[in-house]
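Undergrad: Numbering (the working numbering), first residue to last: 10 to 163. Got a structure for you, written out below as structure tokens; questions coming shortly.
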């Protein structure tokens with residue numbers, strides 16, 4: 010894929026779309042492309058994460074358990090797996106297996122940190138968006154807590 014195509018694919022991701030063009034170019038340049046055959050395991054649930062993966066082409070099956078059960082979700086081009094792993098180390102929550110020949114773009118956390126370190130405006134925009142998401146989650150959790158409290162009082 011050409012660098013401009015990689016940048017366009019990255020720019021379709023909500024958080025990454027907030028990055029300045031030069032920062033996005035650096036991220037696209039440093040991203041690692043990987044070709045998968047049907048059945049290739051991208052990673053397994055519980056493994057440490059070192060970044061995110063963006064599906065360029067094909068289909069990836071995601072399963073919460075590594076027990077041969079049917080996939081809980083099938084994702085295709087444009088989907089990102091492990092966005093949180095761009096910013097912090099968390100164990101993989103799912104096993105990801107190529108359902109068909111696929112191409113993915115690996116975005117290492119170390120590269121993201123370096124790019125954001127060189128682009129404070131991009132870092133600030135992403136931090137603000139993550140803060141907005143967290144506030145939204147807290148609001149949703151508060152609503153669930155109130156609903157559960159109302160059920161308990163009955």
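Every residue gets a Cβ at the ideal spot worked out from N, C-alpha and C, and that includes glycine.
Residue range of the alpha helix (DSSP H) that residue 109 falls in?
TA: Unbroken run through residue 109: none, as it is neither H nor E.
Undergrad: According to DSSP, simplified to helix, strand and coil, what is residue 28?
TA: coil
Undergrad: Excluding the five sequence neighbours on either side, which residues of its own chain have a C-beta within less than 6 Å of the C-beta of residue 135, listed in chain order?
TA: 24, 27
Undergrad: Compute the Euclidean distance between the alpha carbons of residue 112 and residue 159, then round it to the nearest angstrom.
TA: 49 Å
Undergrad: Is it right to say residue 105 is buried, meaning 16 or more other beta carbons lie within 10 angstroms of its own, or is it exposed?
TA: When all chains shown are included, residue 105 counts as buried.
Undergrad: Residues bridged to residue 45 by DSSP?
TA: 111
Undergrad: DSSP on residue 96, reduced to helix/strand/coil?
TA: coil
Undergrad: Any contact of the segment 59-67 with the segment 107-126, i.e. 3+ C-beta pairs under 8 Å?
TA: yes
Undergrad: Quick check on residue 126: buried or exposed, where buried means 16 or more other Cβ atoms within 10 Å of its Cβ?
TA: exposed
Undergrad: Quick one: what does DSSP say residue 70 is sitting in, helix, strand or coil?
TA: strand
Undergrad: Short check: CB of residue 61 to CB of residue 91, under 8 Å?
TA: yes
Undergrad: Among 157, 34, 44, which has the Cα closest to the Cα of residue 107?
TA: 44
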